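Peer 1: Structure below; questions to follow.
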Amino acid sequence: MSSALVARFEKRFAGGTVVRADWERPADQFSVTALFGPSGCGKTTVLRCLAGLEKPEIGTLVFGGETWSDADRRIFLSPQRRGVGFLFQDYALFPHLTVAGNIAYGLSGLSRTERFRRVADILDVLHLNGLGDRYPGQVSGGERQRVALARALVCRPRLLLLDEPLSALDAPTRERLRPELRRVLAGFGVPAIVVTHDRTEAAALADHLVVMDRGKVCQDGPVADVFARPADAAVARIVGTDTVVPGRVVGADSGLAVVAVGPARLLAVPPDSLTNDVFVCIRAEEVVLVGGEAGASSARNRLPGTVAAVAAEGPLVRVSLDCGFPLVALVTRPSCAELGLVPGTVVTALVKAPAVHII
Ligand code: ADP
Ligand code: MG
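Position one of the sequence shown corresponds to residue 94 (our numbering), numbered consecutively onward.
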């Protein structure tokens, strides 16, 4: 059966907030979709509408050719009839039920033997063997996450919905579980929609991105496309493009377009269909810093600049530069130390023309 999802609806809250879903996934592309955007942009609301926990006042929701919600025709299928698995942000496990009891909770209607078998199967698949008799308070955070996932999967849903599945975990556990969760999702072959505000998580878990901002969908496409070619300056910032500055196309040179940025800086950029006024987007990891005058490099853009600020970012260092326009670079700690980067250090930033995205 086709698992295409067509979400075109609006949820309106008392107080005036409107959250609008407007996207679809054809069956052949459907695997893991991330609903991605800043806190409060409406991700959970869209997910709850997909699950049938909220009722949209306007529009339609269709899954695999079956109408789940249609405001005009007064159609609204209950969560049970949709066959969705839902993993809540805080897991919502019952503390007074064992792990096995929590997982079996949604399996009413099946025989005792069948319930037992299903629970044993899923415990095995998610490497939770031996934990069935414990209570949620007696297992680790990572195990609780898998128990919640087991509970969402045990009913064999047609669509799996996960709300910030890793956000309750400490950073090292989260990093360890990202690839594992991705493997589990792929292994089950159930289309999944993952809500996250964390771009690393979106990139690690999903192959398709739906970017939301202030109650609306602003871009939707394959993860790599959205990260490399954000549709506008707002999306560029949301997906973590560190440098987004206005510029003006002033000419062409050797097959590349030339864009003026800031008061006195020219950048070589890819020549594709440019209007006059543009935004120049450069991801921090595309910027290479070298000391003083640049030596040999194939990078077309060599930008003398001064370090304005230096801040540790996990294992890397985020360097804010003044290159006649604000430019952000991400460098390793050793190269930061080697270049002696402190506010006031003069460096050259190297940026290859293809690494500059113009919108
Ligand atoms: P996200 O999951 O992206 O952080 P939410 O979907 O939780 O965002 O919320 C989106 C917006 O809708 C927020 O402004 C929030 O305050 C509002 N909202 C969510 N639930 C309700 C509710 N039950 N009543 C009123 N406003 C709500
Ligand atoms: Mg949320």
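In this text, a Cβ means the ideal position worked out from N, Cα and C, and glycines have one as well. Here the structure is a predicted model, which is why all the values come from computation and not from measurement.
Which term fits V449, buried or exposed, when burial requires 16 or more other beta carbons within 10 angstroms of its beta carbon?
Peer 2: By the neighbour-count rule (16 or more Cβ atoms within 10 Å), V449 is buried.
Peer 1: Taking the CB atoms as reference points, tell me whether T191 and D226 lie closer together than 9 Å.
Peer 2: Result yes, Cβ atoms of T191 and D226 sit closer than 9 Å.
Peer 1: Would you decide whether A377 is buried or exposed? Buried here means 16 or more other CB atoms lie within 10 Å of its CB.
Peer 2: With 16 or more Cβ atoms within 10 Å of its Cβ, A377 is classed as buried.
Peer 1: Could you tell me whether the Cβ atoms of D256 and F179 are closer together than 9 Å?
Peer 2: Yes, the Cβ-Cβ distance between D256 and F179 is below 9 Å.
Peer 1: Would you please state the rounded distance, in angstroms, between the beta carbons of L423 and L409? I believe it to be under 8 Å.
Peer 2: Right, their Cβ atoms sit about 5 Å apart.
Peer 1: Does DSSP put C248 in a helix, a strand or coil?
Peer 2: In this structure, C248 counts as coil in the three-state DSSP scheme.
Peer 1: In whole angstroms, give me the CA-to-CA distance for A404 and E431.
Peer 2: So the two alpha carbons sit approximately 16 Å from each other.
Peer 1: Looking only at its chain, what residues have a beta carbon closer than 6 Å to the beta carbon of G417, apart from the 5 residues adjacent to it on each side?
Peer 2: Only G355, A357 and R358 meet the Cβ criterion.
Peer 1: Measure the CB-CB distance between L254 and V240 and report whether it falls below 9 Å.
Peer 2: No, they are not a contact pair.
Peer 1: Might you give, ordered along the chain, the residues of its own chain that have their beta carbon closer than 7 Å to the beta carbon of R307, omitting 5 neighbours on each side?
Peer 2: Correct list, in chain order: C134.
Peer 1: What residue range does the alpha helix (DSSP H) around L216 cover?
Peer 2: Looking at the DSSP string, the run of the alpha helix (DSSP H) that includes L216 is R205 to V218.
Peer 1: Using 10 angstroms around the beta-carbon of G407, count the other beta-carbons present and answer buried if the total reaches 16, otherwise exposed.
Peer 2: The residue in question, G407, is exposed, as its Cβ has fewer than 16 Cβ neighbours within 10 Å.
Peer 1: Please work out which residues of its chain come closer than 7 Å, Cβ to Cβ, to A197, disregarding the five sequence neighbours upstream and downstream, and give them in chain order.
Peer 2: Only R208 and V212 meet the Cβ criterion.
Peer 1: Report yes if the C-beta of V310 is less than 8 Å from at least one heavy atom of the ligand ADP; otherwise report no.
Peer 2: No, the beta carbon of V310 sits no closer than 8 Å to any heavy atom of the ligand ADP.
Peer 1: Would you kindly report the start and end of the unbroken alpha helix (DSSP H) that includes G194?
Peer 2: Taken as a continuous stretch (DSSP letters only), the alpha helix (DSSP H) holding G194 covers V192 to A197.
Peer 1: Got a sec? Which residues, its chain only, sit under 8 Å from A193 by beta carbon, not counting five neighbours each side?
Peer 2: Contacts found: V212, L216, G225 and D226.
Peer 1: What would DSSP say about I151, mapped onto helix, strand or coil?
Peer 2: Of the three classes helix, strand and coil, the one that applies to I151 here is strand, per DSSP.
Peer 1: Would the beta-carbon of V343 fall within 9 Å of that of V352?
Peer 2: Yes, these two residues count as a Cβ contact at 9 Å.
Peer 1: Inspect the beta-carbon positions of R267 and L278 and report whether they are closer than 9 Å.
Peer 2: For R267 and L278, no; Cβs fall outside 9 Å.
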